[in-house]
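Read through the structure below, which is laid out as structure tokens, and then see the notes.
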Amino acid sequence: MVARFGAGSVIRAKCTSLFWADESRYPLIMAVEQAAVLDALKVVRDPDLNRDIVSLGFIKNLTIDGGRVGFTIELTTPACPVKDQMRDQSRAAVLQVPGVSSVDVQMSARVREAVGGDGARQPLPGVKNIIAIGAGKGGVGKTTLAVNLAIALAKCGSKVGMIDGDIYGPNVPIMLGMKEQLITDGQKIVPAEKYGLQVISMAFLTGDDAPIIWRGPML
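My numbering puts the first residue of the sequence shown at 819, with every later residue one more than the last.
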């Protein structure tokens, strides 16, 4: 560094460090802290549980790369009616954090496993929840309700299997337009598939016009 004082006099000094920044040309990048991102996300609430998505443990896989922030919102059901609104609110909230330039929000769901009355888990491996549709009377819409509910859940992203156990009038294949016959892999029954559903029905055991004589009483 050179400093000139008066005519012809020059004072030279050794400069150990020298730094300046023109913020208009070289904007300073502020480090984004994880705590700041989580604090910003606390304004987003689940309307059903009436708690913020951070305290509910919905925020997963939070990553920060410079000004780029990414995370996943893991809901308890893929059929959440406000998931798009929740994603938009989360992105807007994090963009308000100083230093954040972009936000990538992914949505996922992890359905909680149902438990029995004695606290034991469901006995079917890989099946987290069972919805039973039944009635003590015929012609009240059991099949219609079951089929529409199953398709709606599948369209929302759930993995759905359907068992049509009606031995008097198994109509699920009729509603789904299925004419498959029962097949096995030598060990287990292989479900037929339609509209994203895996289906097993009593109707797959026989042809359309084949009579059936069931052994024993039917309840």
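For each residue, glycine too, the CB sits at the ideal point set by N, CA and C.
task = Please determine, among 872, 853, 984 and 951, the residue with the shortest C-alpha to C-alpha distance to residue 968.
result = 951
Helix, strand or coil at residue 908 according to DSSP, with G and I counted as helix = helix
Own chain residues within Cβ distance below 6 Å of residue 881, not counting five before or after = 888
query = Buried or exposed: which applies to residue 1024, given that a residue is buried once 16 or more other Cβ atoms fall within 10 Å of its Cβ?
reply = exposed
ask   = Among residues of its own chain, excluding the 5 on either side of residue 989, which ones have a beta-carbon nearer than 7 Å to its beta-carbon?
value = 961
Environment of residue 828 [buried if 16+ CB atoms lie within 10 Å] = Low local confidence applies: a pLDDT of 44 at residue 828 is under 50, so the model's placement there is unreliable, and no value is given.
inquiry  = I need the boundaries of the alpha helix (DSSP H) containing residue 993, first residue and last residue.
reply    = 990 to 994
ask   = For residue 958, does the count of other Cβ atoms within 10 angstroms reach 16, so buried, or fall short, so exposed?
value = exposed
inquiry  = Closer than 8 Å is the cut-off here; do at least three beta carbon pairs connect the stretch 851 to 867 with the stretch 907 to 918?
reply    = yes
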